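Q:
2 protein chains.
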Amino acid sequence: MRTLVLLVSVPLILVFFSGAQQAIQPGPLNLMPMPSNYQLTSDQMAIDQSFSVSLTGHQEARLDSAVQRFLRNLSRRTGMSLTAQSADPAQAKLLIHTDQASKEVQEPGEDESYSLEVTPSGAKLSAPNPLGTLHGLQTFLQLVEAAPAGFAVPVINIHDTPRFVWRGLMIDVSRHFIPIDVIKRNLDGMEAVKMNVFHWHLSDDQGFRVESKKFPKLQEMGSDGLYYTQAQVRDLIAYAHDRGIRVVPEFDMPGHSTAWFVGYPELASAPGQYQIERHWGVFDPAMDPTRDRVYDFLDEFIKEMAALFPDSYFHIGGDEVNGKQWDANPQIQDFKRSHGLKSNNELQAYFTKRLEKIVSQLHKNMVGWDEILTPGMPNNIVIQSWRGPGSLAAAAKQGYRGLLSNGYYIDLMWSAARHYAVDPMSEATADLTPEEKRHILGGEATMWSEYVGPETIDSRIWPRTAAIAEKLWSPSDVRDVNSMYARLAQISWRLDSLGLTHNTDYIPMLQRIANDEDTAPLQVLADVVEPVKGYRDQFARFKPTSTDPLNRLVDAARPESDAAREFSNLVDSFLAGQCKDAALSARLRRLLTKWHENNLEPLIEKSFLLQEIAPLAQNLSLISSAGLQAIDYIDRGEEPADNWKTEQLALVQQAQQPTSAQLLIMVASPIQRLVEASSGGACHSTK
Amino acid sequence: MRTLVLLVSVPLILVFFSGAQQAIQPGPLNLMPMPSNYQLTSDQMAIDQSFSVSLTGHQEARLDSAVQRFLRNLSRRTGMSLTAQSADPAQAKLLIHTDQASKEVQEPGEDESYSLEVTPSGAKLSAPNPLGTLHGLQTFLQLVEAAPAGFAVPVINIHDTPRFVWRGLMIDVSRHFIPIDVIKRNLDGMEAVKMNVFHWHLSDDQGFRVESKKFPKLQEMGSDGLYYTQAQVRDLIAYAHDRGIRVVPEFDMPGHSTAWFVGYPELASAPGQYQIERHWGVFDPAMDPTRDRVYDFLDEFIKEMAALFPDSYFHIGGDEVNGKQWDANPQIQDFKRSHGLKSNNELQAYFTKRLEKIVSQLHKNMVGWDEILTPGMPNNIVIQSWRGPGSLAAAAKQGYRGLLSNGYYIDLMWSAARHYAVDPMSEATADLTPEEKRHILGGEATMWSEYVGPETIDSRIWPRTAAIAEKLWSPSDVRDVNSMYARLAQISWRLDSLGLTHNTDYIPMLQRIANDEDTAPLQVLADVVEPVKGYRDQFARFKPTSTDPLNRLVDAARPESDAAREFSNLVDSFLAGQCKDAALSARLRRLLTKWHENNLEPLIEKSFLLQEIAPLAQNLSLISSAGLQAIDYIDRGEEPADNWKTEQLALVQQAQQPTSAQLLIMVASPIQRLVEASSGGACHSTK
């Protein structure tokens, strides 16, 4: 019947290429994360309009809606309208069997495995519980491709299970508020790459983002009206649950808490009034750890939030208390003395222990940043490490569970390769005993939001976070960087088709900057730059505040320039081939000529948003000229004068300095290699 | 205060270019449609985070929500977070005064004028009623640009009023169902270009798309479950009303009505069963105009719909009855004889008159396609002309009002320039008396949906419909095609920022076709092709049906290739300059080289969706080579051999034939001009 349906639905195409069918080569497997075990063949199973799905075994609403979502995504993937859900398992092209229910409230460590067997005539997905079924559906979707004979998935046998049980993404919604629909599309992205924890950083100095019915001044005075209602929170938790994702709330205490004090100054260690913080950094306000009224408040507040957020983990932050308010408060100093607390660290430990009692009385496990690990804490807490594997290993040796975030700070604008090289089980953690290693639960990518808003957050999270997701799911020997980048490029567009905007927003943002003039020259520049890396350079703006518009080229530019990486690879190939490849030489020339001749002046004159990039545009042109001259010398087999080389290298070095535009020219380094190779190097010796 | 706020919010940028401020030249006015009267200066009014709006005069909820929407769009335009609505009119940067309410149910011919006065320190928008206020807000938004000193609008004085009272867009939701959210974003687009009628083609052979509570089998059996509930319809009408847009429903009768008969075969002129039609074309089923039960049904049905749709115009279709069911039915033949009806046209006129009585009893004006104009119809009906100005003029002379759609069929894939040349007051209508001319209400762009779905409809409507909107709003002397294209390119991105997907969906669709491989080579081809024009070539697919996926390159390709138009203009400049411009010659070479060298084979091998474009890719390469050779001859001042020219022109001609891919290579014609100029032409005579 399938063939017949195909004849009816896409007959012209079938007729057109029926003579062109060739032996199909088994291609690379375009999955991210890579499954833990698979056997791939060169055969295929066709996907056409007769495609149908049937669910057997354990039944629940979440599975039905997962299948509906799966069919919607498959329709989007193929452009075919697929809605049929077959009632008869014997007829289904994709038969799904789920053994039993997962826990009502999802727990870390539940079985998330699944098996997917694809034959030429049909596929079977089996899982012990719905968590595995959800993952298997995502794998199936990623396998779908427009093959030579029609849409198809490869015939394959997959047995897949994650390496780590906690694969998280943290989003800071305090520094910039991120609306619910933006969170939702990012949950769709998480589901696609099998991440299972959404860590919601809900309060910080710059905003308190969730409705409290008991203490309404928290959101009324601490959020500029930008907060989630409890109904929205419940809806989001259900949305996440549907996708096999836990929601762990974080309320950062006792520091990072200015926004609480706008409505409730009595919680602070110094008298009010307080205003919502508009700047970035570590600020003085901190809760007063010496007052019973503070604990009474927190007891009531956490009770309310523990009921709202069903997850059995509750994050209390605990990072970066500078202690200044404590030092300046005589009553707090008295308290330290009278309680034998020798330092502010010990004072915070006192606070954390009292907080932990509140949290554990509500049957929750407390999670916090490195700072909460102090002597005498109970063993059920979880340490999230921004400091690194050393802290995690130390914690594990004492019997504490831990999560790695150091190395997964995606707001630092590092390359996917740099994040991909970070492994929760490396350095100090690699040396743990097997027993201790079980305490390393996994890791979390952290999206701090000083410089991201609803429009730009997708491009800061994706696609790089997919590489982190693979690190946390796939076996440790899945670490080939070239394979990662090849698959990342593809998954990136798949993620975009889920509604994420990291690719599709790029040109519209450039259009806005350039007043909807022809943006081609702007794109030439934007394609080879990246935002400055790390906090020092990011915070170098003159007095940045939370009301600054995120409308500059640095906001539109991608964290990682594919064009620059590809150019760098071309240069490496050229040099590795002793500069003999004429086609490569011509290709490098074409790129360098494009950059050298790119003229942004007419656009820069018109738009104030472009004036800061004038030096950048000039530098790109200058160093591209240096690169062209270097290739000239190489091609002519001529040794350049020493002062030429010195001058060019100085130019390149100067072009690598951050400018006020806060952008880096990423082709500078490979151009430097060309200039260096132009004299006395491997190229000349062989010509 | 504004300067101070600017210093706080964007200080770095200000510091950076403070030395670069130059005398500002008054640029071209980037508005579409162009206003009927304006005086533009070179001065500007700054838009910064102190921007505020105040409403005075007549107050209503629609104005408040319009201001909220305006601020949201302004925020999106600038990347600044603008939410302030000033209470004190004296402090507002944009003061809006509305004299009085418009009619509760919007009527064609209401005053839609507005005045907008922008001074360096503030702006004032005034309008007789909210319709003008809505239009003025759109004008203000279009004026905002990133100027050399910051976001700004020019200092300008505008008095604007539309040329025609009926500026419509028809969307056929029967042949492909278009979900409500897609309709809504298109209403946003209509508002942006000041269109005021959404004509909703709700029923046809391929689907009945609105819920009837009286006759539920209409949607239950006639829609595949794809229909709008009455709640959705009411919501959409409110959405349109908020944007100054009327909603005119169309139920096509007595032909184009197969979908009705699936549930109610007794309405038809031949016995059932009926199935929803899956093919395209003109089909036999037609209502039986001889049965009282048909009129009883329509009386009840139209009563229900007239209550649902408040607009005082009601479209009954009336087009393309082929008469075959009538001819084959002896009872109908008897009826014609007994009633002295000499033709099927007269029989349809009998039907239409009875229908008109039903419609006018409900205090609605009947609208229909050309065919409904038959002797003896009352003068309150409106003729929508798919036939042309001749029909309109004939109707106007008899006192009937008319709308032009001939020339505005955007599904034919014509260029914006071709639609822009069509004027409702031209040819036969231009010769009408002033009195008769008042009967020409305006026009409607028509989006028939044989080959569009939710994913592709935006790119078929926009940006070309903005050119039609200008034709219907702006004075008749606004007709410069180059100006239109320059402004259309800009408005196109503005429309995209409202949520329309005509630009942002292009690359994702190419990505899907190419399996998320590097689509650069595919884009090189896609950028210079257009879908075949007109129905004959569009319908040339082998048995197309409504279930065919719209996932081919013809679906992704834009109706109009900007790259091809620009290339054509370059060739014209080159030839007009007697081929002496070396820079132009080099530019043409670069483009032709890109097309000649473009290699799609690796992509085509992998994806069945690309196999049909192999001949197209080959043709582009071949004719680009011909173009390069032509420039070689021209540059060398050498006369090519006659047979070379004959061969190349044959190649070009062959490349212009539609292929199975249903795409046209739009650079073929300018390449032909190059080949022709290469021998004995103006170029050689002057070298």
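Protein chains in written order, with our numbering: chain A, 1 to 687; chain B, 1001 to 1687.
Glycine included, each C-beta is placed from N, C-alpha and C at the ideal position.
Please read all numbers here as calculations on a predicted model, not as lab measurements.
Please give me, in chain order, every unbroken run of the alpha helix (DSSP H) with length at least 4 that falls completely inside the stretch 1443–1517 of chain B.
A: If we require 4 residues or more, the alpha helix (DSSP H) runs fully inside the stretch 1443–1517 of chain B come out as 1457–1461, 1464–1473, 1481–1496, 1506–1513.
Q: Closer than 7 Å, Cβ to Cβ, to anything on chain A: give me those residues from the stretch 1135–1155 of chain B, in chain order.
A: When C-beta distances to chain A are compared with 7 Å, the residues of the stretch 1135–1155 of chain B below that value are Glu1145, Ala1146, Ala1147, Pro1148, Ala1149, Gly1150, in chain order.
Q: Between A/Leu74 and the rest of its own chain, which residues show a CB-CB distance below 6 Å, the 5 nearest in sequence each way excluded?
A: Leu82
Q: Measuring alpha carbon to alpha carbon, tell me which of A/Ala526, A/Ile491, A/Gly499 ends up nearest A/Tyr506.
A: A/Ala526
Q: How about the stretch 104–114 of chain A and the stretch 147–166 of chain A: do they share at least three Cβ pairs that are nearer than 8 Å?
A: yes
Q: Work out the CA separation of A/Leu403 and A/Arg387 for me, nearest whole Å.
A: 11 Å
Q: Any Cβ of chain B within less than 7 Å of the Cβ of A/Lys687?
A: With a pLDDT of 42 at A/Lys687, under the threshold of 50, the modelled position of this residue cannot be trusted, and the question is left open.
Q: Three or more C-beta pairs closer than 8 Å, one from the stretch 1495–1511 of chain B and one from the stretch 1472–1487 of chain B: is that the case here?
A: Too few Cβ pairs lie closer than 8 Å, so no.
Q: Can you tell which of A/Pro310, A/Gln490, A/Gln538, A/Met666 has the C-alpha that lies nearest to the C-alpha of A/Gln106?
A: A/Pro310
Q: At least one CB of chain A closer than 7 Å to the CB of B/Leu1609: is that the case?
A: yes
Q: Quick one: list the residues of chain B neighbouring A/Thr78, beta-carbon separation under 9 Å, in chain order.
A: Here the neighbours are Arg1512, Pro1549, Asn1551.
Q: Measuring only the C-alpha atoms, how far is A/Leu187 from A/Arg494?
A: Approximately 14 Å, taken between the alpha carbons.
Q: Which whole-angstrom value describes the C-beta separation of A/Leu392 and A/Thr429, a residue pair presumed to lie in contact below a C-beta threshold of 8 Å?
A: 5 Å
Q: Taking 6 Å as the limit between beta carbons, can you name the residues of its chain near A/Gln142, skipping five residues before and five after?
A: Correct list, in chain order: Leu31.
Q: So is A/Trp493 in contact with chain B if we call contact Cβ pairs under 7 Å?
A: yes
Q: What residues from chain B crowd round A/Thr504, counting only those whose CB sits closer than 7 Å?
A: Thr1504, Pro1508
Q: Within 7 Å (strictly less), CB to CB, does B/Gln1490 reach chain A?
A: So yes, B/Gln1490 belongs to the interface.
Q: Cβ closer than 9 Å: which chain A residues qualify as neighbours of B/Ser1042?
A: Chain A residues near B/Ser1042: none, gap ~13 Å exceeds 9 Å.
Q: On the criterion of 16 or more Cβ atoms from any shown chain inside 10 Å, does A/Pro602 qualify as buried, or is it exposed?
A: exposed
Q: For a contact meaning CB atoms closer than 9 Å, what does B/Asn1515 contact in chain A?
A: Result: Asn30, Glu145, Ala146, Ala147, Gln490.
Q: Along the stretch 1187–1211 of chain B, where does the CB come closer than 9 Å to a CB of chain A? Name the residues.
A: none
Q: What are the start and end residues of the alpha helix (DSSP H) that includes B/Ser1669?
A: It spans 1668–1677 - the alpha helix (DSSP H) in which B/Ser1669 sits, taken as one unbroken run.
Q: Would you mind working out which of B/Ser1621, B/Gly1122, B/Asn1643, B/Gly1680 sits nearest B/Ala1655, comparing C-alpha positions?
A: B/Ser1621
Q: Could you name the residues of chain A that B/Ser1174 contacts, counting a contact when the two beta carbons are closer than 8 Å?
A: In chain A, no part has a C-beta under 8 Å from the C-beta of B/Ser1174; the shortest such distance is about 15 Å.
Q: Determine the chain A residues that contact B/Ser1385 at a beta-carbon separation under 8 Å, and present them in chain order.
A: Ordered by position in chain A, no residue passes the 8 Å Cβ test against B/Ser1385, which lies about 34 Å from the chain.
Q: Relative to the ligand SAM, is the shortest distance from any of its heavy atoms to the C-beta of B/Asp1516 smaller than 6 Å?
A: This structure simply doesn't include the ligand SAM, nor any ligand for that matter.
Q: Between the beta-carbon of A/Val529 and the beta-carbon of A/Ile665, is there less than 7 Å?
A: yes
Q: Helix or strand or just coil, what does DSSP make of B/Ser1203?
A: strand
Q: Can you give me, in chain order, the residues of the stretch 43–56 of chain A that have a beta carbon less than 9 Å from any beta carbon in chain B?
A: Gln49
Q: Which whole runs of the alpha helix (DSSP H) in the stretch 616–656 of chain A are 4 residues long or more, in chain order?
A: Restricted to the stretch 616–656 of chain A, the alpha helix (DSSP H) segments that are unbroken, complete and at least 4 residues in length are 642–655, listed in chain order.
Q: Ends of the alpha helix (DSSP H) at B/Tyr1350?
A: Under the DSSP assignment, B/Tyr1350 falls in the alpha helix (DSSP H) whose first and last residues are 1344–1361.
Q: What does DSSP give as the partner residue(s) for A/Thr755 in the beta ladder?
A: Outside the displayed span of chain A (1 to 687) sits residue 755 of chain A, for which this structure offers no information.
Q: Please report the Cβ distance between B/Leu1202 and B/Pro1249, rounded to the nearest whole angstrom; I am assuming they are in contact, meaning their Cβ atoms lie under 8 Å.
A: 6 Å
Q: Does the separation of the CB atoms of B/Gln1325 and B/Ala1396 fall below 7 Å?
A: no
Q: Quick check on A/Asp423 - is its C-beta less than 7 Å from some C-beta in chain B?
A: No, A/Asp423 lies away from the interface with chain B (no Cβ there is under 7 Å from its Cβ).
Q: What residue range is occupied by the uninterrupted alpha helix (DSSP H) comprising A/Trp260?
A: 258–263
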